[in-house]
Amino acid sequence: MSLDAELLLDWFADTARDLPWRRPECTAWGVLVSEIMLQQTPVARVEPIWHEWLARWPTPSAMAEASQGDVLRAWGKLGYPRRALRLHAAAQAIAEQHDDVVPQDVDTLLTLPGIGAYTARAVAAFAYGQKCPVVDTNVRRVVARAVHGAGDAGPPSTTKDLRDVEVLLPDDDAAVYSAALMELGALVCTARAPKCADCPVFDACAWQLNGRPAYDGPAKAVQKFAGTDRQVRGLLLDVLRGTDEPVAKTRLDLVWSDAGQRDRCLHSLLVDGLVEQTREGLFALPGEH
DNA sequence: GACGCGTGGGG
DNA sequence: TCCCCAAGCGT
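Numbering (the working numbering), first residue to last: 668 to 956.
If you want it as structure tokens, here you go:
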């Protein structure tokens, strides 16, 4: 229990970023959209797209009526576009099965596409003020250092990670405390070059008291991108986002020289539902033809 | 539990 | 220049 709630809450009140999904007027739907967009994606890239989305689709039912193609085009280059399809499907489920109201219950949220252990609890806490452990990569790092005295978090383990954070939560303002833990990891207790001089819990930090040991867990796998299917899929989708009309395969063939990889990627995009083939054999974003 | 899934900014 | 990394999820 080395993360004093009062210190953290005061620090958060003084220095937290003014993000639109944290404002009191933001709806639960707005919170959900932000959480999906923020998965593996920096705040600076999310913010403008989030504003566009909430203005265009202010409710789940509004988005449910849009086509998949429109949603994918509005997603733009945020990355991992399958998130956009899952959010669209979640919007349809909320509209049709939950009276257009984002569920409050973690177990119900977990049944929705694209909502996992983190996002379900983030919505419960940040949209509905519930006391439940919200564990993302920032929180895992803060707990690893400040509580366990390690240089960084080891491999994720949902059960253990939830338990670690649950015991920290104060009875009052638990949701704000959760936001503060995340903010601390995002702004101060960062992966590279943590700003310990600015840390509100410096005096209680187990990592400091432990002599700042280096991370000694298993090496983290570094994800390659150049030359992977992920890059090729991104190039193919970028062509389709940029046009209103279905395109011939010869047009898609221009984006990558390796025909085998190209065809494999186009096929996987079809399987994922990110691309559709028209009766004429042309290719387009789904749901418009 | 490991792997695949986009994209771009900063050190 | 590279290389690391950024509020995960589904299989």
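Yeah, the Cβ is synthetic: ideal placement off N, Cα and C, and Gly gets one too.
Of the residues the options, the one placed nearest residue i, counting alpha carbons only
{"i": "A792", "options": "Y844, A760, R908, S728", "result": "Y844"}
{"i": "A762", "options": "K891, W696, D939, R689", "result": "W696"}
{"i": "Q735", "options": "F950, L949, V942, R946", "result": "V942"}
{"i": "G940", "options": "R749, L776, P691, I782", "result": "R749"}
{"i": "Q759", "options": "P837, D883, L777, E732", "result": "E732"}
{"i": "I947", "options": "L937, K916, C932, R931", "result": "The amino acid occupying residue 947 in the given sequence is Glu; Ile does not appear at that position. Selected option, being the one with the closest Cα: K916."}
{"i": "L752", "options": "T775, G796, A860, V700", "result": "V700"}
{"i": "L779", "options": "V834, Q771, A756", "result": "A756"}
{"i": "G926", "options": "A680, R908, G894", "result": "Looking at the sequence provided, one finds Ala at residue 926 rather than Gly. For the residues A680, R908, G894, the minimum Cα distance to A926 belongs to G894."}
{"i": "D883", "options": "D840, G852, P822", "result": "P822"}
{"i": "V713", "options": "P885, E702, R723", "result": "E702"}
{"i": "D836", "options": "D930, C799, Q771, P885", "result": "Note on residue identity: the sequence assigns Leu, not Asp, to residue 836. Checked all of D930, C799, Q771, P885; the closest Cα to L836 is C799."}
Secondary structure of residue i, DSSP reduced to three states
{"i": "L676", "result": "helix"}
{"i": "V802", "result": "coil"}
{"i": "F950", "result": "strand"}
{"i": "E943", "result": "strand"}
{"i": "V700", "result": "helix"}
{"i": "V834", "result": "coil"}
{"i": "V938", "result": "helix"}
{"i": "V868", "result": "coil"}
{"i": "V768", "result": "coil"}
{"i": "V914", "result": "strand"}
{"i": "A811", "result": "helix"}
{"i": "L777", "result": "coil"}
{"i": "A820", "result": "coil"}
{"i": "T825", "result": "helix"}
{"i": "L705", "result": "coil"}
{"i": "Y882", "result": "coil"}
{"i": "R684", "result": "coil"}
{"i": "L848", "result": "helix"}
{"i": "L690", "result": "According to the sequence displayed, residue 690 carries Arg and not Leu. Here R690 sits in coil by DSSP."}
Endpoints, alpha helix (DSSP H) assigned at residue i
{"i": "G796", "result": "Premise fails: G796 is in no alpha helix (DSSP H) and is neither H nor E."}
{"i": "M902", "result": "One detail in the question is off: residue 902 reads as Leu in this sequence, not Met. Where L902 is concerned, the enclosing alpha helix (DSSP H) stretches over 896-908."}
{"i": "S728", "result": "727-731"}
{"i": "W742", "result": "735-742"}
{"i": "R723", "result": "710-723"}
{"i": "H755", "result": "749-764"}
{"i": "W923", "result": "No alpha helix (DSSP H) contains W923, which DSSP labels as neither H nor E."}
{"i": "V855", "result": "Run containing V855: none; DSSP gives neither H nor E here."}
{"i": "Q875", "result": "873-876"}
CB-CB length for residue i against residue j, believed under 8 Å
{"i": "I716", "j": "M730", "result": "No, I716 and M730 are not in contact; Cβ-Cβ is about 13 Å, not under 8 Å."}
{"i": "R740", "j": "L952", "result": "7 Å"}
{"i": "V806", "j": "L848", "result": "5 Å"}
{"i": "D896", "j": "S924", "result": "The pair is not a contact, with the Cβ atoms about 14 Å apart (cut-off 8 Å)."}
{"i": "C866", "j": "V855", "result": "5 Å"}
{"i": "V906", "j": "V914", "result": "7 Å"}
{"i": "L933", "j": "L903", "result": "6 Å"}
{"i": "Q797", "j": "A846", "result": "Going by Cβ atoms, the distance from Q797 to A846 rounds to 13 Å, so no, they are not a contact pair."}
{"i": "L675", "j": "L851", "result": "7 Å"}
{"i": "G743", "j": "T708", "result": "Between T708 and G743 the Cβ distance is about 11 Å, and since that is not below 8 Å, they are no contact."}
{"i": "V868", "j": "D671", "result": "6 Å"}
Is there contact here, the segment 774-791 with the segment 811-822, by at least three beta-carbon pairs under 8 Å?
Counting Cβ pairs under 8 Å, fewer than three are found: no touch.
Check whether the segment 774-790 and the segment 798-805 are in contact - that is, three or more C-beta pairs closer than 8 Å.
Between the segment 774-790 and the segment 798-805, the count of Cβ pairs shorter than 8 Å is three or higher; the stretches touch.
Specify whether the segment 817-837 and the segment 870-887 touch according to this definition: at least 3 beta carbon pairs, one from each stretch, less than 8 Å apart.
The segment 817-837 makes contact with the segment 870-887, as at least three CB pairs between them are under 8 Å.
Assess, as a yes-or-no matter, whether the segment 718-727 is touched by the segment 759-776 under the definition of 3 or more beta carbon pairs within less than 8 Å.
Under the three-pair Cβ rule at 8 Å, the segment 759-776 counts as touching the segment 718-727.
Any contact of the segment 681-696 with the segment 708-722, i.e. 3+ C-beta pairs under 8 Å?
By the criterion of at least three beta-carbon pairs nearer than 8 Å, the segment 681-696 is in contact with the segment 708-722.
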